[in-house]
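Trainee:
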């Protein structure tokens, strides 16, 4: 029996242990699995942590408390490429700059992208496709995930300086400009976008010529890259030097206004809005790129973001007389009627502001009045959104510069609405008071009827009439309507008319 037991023991020693399926619903247990010597266990743990972290910030905080970052940071240096790649993907979801710096993981990731990066880093483009169930589409390059992690940290000035000092920033620019793999290029552009959120980083990026790179990225036939490049241009325009640089290459942005993808159109319009803000040279560049016609046409676009940003671009361009005249000639006043009726408060606000920018001459106001724009504009005075109401008041102020437009707004009830607004401490604003006074200037008869007197600067001209005192909130009938009424025993209406009968 003793001999038999010895043989059995030897037999067990020679056999491998049967595969054991390990499952756990406990986050702490899964974190411990990261320290396993078994590659399959590590990969499954990374997969589980990735999915868990993607569910929300609360889960990420739990993983941080359980100490998941330390083993994950070690695994990005693992000799096995699938493990290394899985670890980088997890870091892309749960990492913070401070945690990576403390664990020296960021230095290693930057080293991957540094100027001395070897060609063999690209050798596993085809062979290193993870066959596990990691929830990502085409998984083909470790650089994609390394760029994702770094982009999450680039808003920080210290990280940006570190990347600049190591030469990795130039490598990042190279990825954005020349990478043949779309995912790598997209992540590189997104990293630039994240870095540009910081004002000091904007200067660093400008010094490295990021403007030319971003404009070049408007050309590739990839909607995601074009959209991200437009967003990066928008952010970089907050740097005045960058805004000047972008003005030299405004044509590609104008061309994207006619792109088939709505997201690209919207991002291009937003970039043009930033580009033309307080910069007349850039506005002229948009004009020279034949941007006026597509801009006016896009006021009828179905995407609210496109319409809002286009209205902002046109408003920016209106400060130059020649540009304003060209835009008016394209029918902008009629085109703005639709946006005024939008359900979006942002579109309403931008459209009302555009009306105030272009209704500065009688022909434009007449076109707007005939197109029915005054109905929509007066209706916006009732808005509960402060910015919409304020911009509508300003547009009413501008439109009330001639008598026909002023009288039409009276008929639509603009006077009563403005009076109500100015009686409210919450709803009134400087523009509402100015708009009310402007309406009175266009019809001193109504002002006299409501207040029982005029100021020293008010000059009575032909057509002034006294309909009698009317209480605030009550509508004062225009002279044309009073003529139609039968004579009664009420106070007579006094009309001032200095013209002779022949006239």
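Residue numbers (UniProt numbering): 1 to 503.
For glycine and all other residues, C-beta sits at the position ideal for the given N, C-alpha and C.
1. Roughly how many angstroms lie between the CA atoms of residue 308 and residue 371, to the nearest whole one?
2. Could you tell me the alpha carbon to alpha carbon distance between residue 172 and residue 183, rounded to whole angstroms?
3. Taking the continuous alpha helix (DSSP H) assigned at residue 405, which residues delimit it?
4. Classify residue 537 as helix, strand or coil using the three-state DSSP reduction.
5. Going by alpha carbons, who is nearest to residue 30 out of 213, 437, 65, 46?
6. Where residue 511 and residue 186 are concerned, what is the direct C-alpha to C-alpha distance, given to the nearest angstrom?
7. Considering only the beta carbon of each residue, do residue 432 and residue 399 sit closer than 8 Å?
8. Report the CB separation of residue 50 from residue 89 in whole angstroms; it is logged as a contact under 8 Å.
9. Suppose the cutoff is 8 Å on Cβ atoms and the five residues either side in sequence are ignored; what does the same chain contact list for residue 418 look like?
10. Of all the alpha helix (DSSP H) runs that stay within the bounds of the stretch 158 to 223, which reach a length of 4 or more residues?
11. Would you kindly report the start and end of the unbroken alpha helix (DSSP H) that includes residue 382?
12. Does the beta-carbon distance from residue 196 to residue 250 come in below 8 Å?
13. Kindly give me the distance between the Cβ atoms of residue 192 and residue 232, rounded to whole angstroms, as I take these residues to be in contact under 8 Å.
14. Measuring only the C-alpha atoms, how far is residue 79 from residue 44?
15. Evaluate residue 524 with the Cβ neighbour count: other Cβ atoms within 10 Å of its Cβ, from every protein chain shown; 16 or more gives buried, anything less gives exposed.
16. Would a C-beta distance cut-off of 8 Å place residue 265 and residue 256 closer than the cut-off?
17. Go ahead and pull the three-state DSSP assignment for residue 292.
18. How about residue 64 and residue 75: do their beta carbons lie closer than 8 Å?
19. Run through DSSP, which three-state label would residue 487 get?
20. Would you check if the distance between the CB atom of residue 352 and the CB atom of residue 358 is smaller than 8 Å?
21. How should residue 423 be labelled, buried or exposed, when 16 other C-beta atoms within 10 angstroms of its C-beta is the threshold for buried?
22. With 16 as the cutoff for other CB atoms within 10 Å, does residue 129 come out buried or exposed?
23. Specify the secondary structure class of residue 469 as computed by DSSP and reduced to three states.
24. Closer than 8 Å by C-beta to residue 281: which residues in its own chain qualify, once you throw out the five before and the five after it? Chain order, please.
25. Compare the C-alpha of residue 366 against each of 341, 387, 350, 334 and name the closest.
26. Answer with buried or exposed for residue 319, where buried requires no fewer than 16 other C-beta atoms within 10 angstroms of its C-beta.
27. Which residue marks the beginning of the alpha helix (DSSP H) containing residue 255, and which one marks its end?
28. To the nearest angstrom, report how far apart residue 315 and residue 211 are at their CA atoms.
29. Counting C-beta neighbours from all protein chains within 10 Å, is the total for residue 237 16 or more, i.e. buried, or is it exposed?
Mentor: The relevant details are as follows:
1. 20 Å
2. 13 Å
3. Looking at the DSSP string, the run of the alpha helix (DSSP H) that includes residue 405 is 403 to 411.
4. Here the chain comprises residues numbered 1 to 503, so residue 537 is not present and cannot be evaluated.
5. 46
6. No answer is possible for residue 511: it lies beyond the span of the chain, which begins at 1 and ends at 503.
7. No; because the gap between Cβ atoms is not below 8 Å, this pair is not in contact.
8. Between residue 50 and residue 89 the beta-carbon gap is near 6 Å, inside 8 Å, which marks them as a contact.
9. So the qualifying residues of the chain are 381, 393, 396, 432, 435, 436, 439.
10. 168 to 178, 182 to 195, 199 to 207, 210 to 216
11. No alpha helix (DSSP H) contains residue 382, which DSSP labels as neither H nor E.
12. No, the Cβ-Cβ distance between residue 196 and residue 250 is not below 8 Å.
13. 5 Å
14. 17 Å
15. Any answer about residue 524 is impossible in this case: the structure gives the chain only from 1 up to 503.
16. Less than 8 Å separates the beta-carbon of residue 265 from that of residue 256.
17. DSSP, read as helix, strand or coil, puts residue 292 in helix.
18. no
19. In the structure shown, residue 487 adopts coil according to DSSP, grouped into three states.
20. no
21. exposed
22. Legend: pLDDT at residue 129 = 27, less than 50; position of this residue unreliable, value from coordinates given subsequently. Counting Cβ neighbours within 10 Å, residue 129 comes out exposed, since fewer than 16 surround it.
23. coil
24. 244, 247
25. 334
26. exposed
27. 251 to 256
28. 25 Å
29. buried
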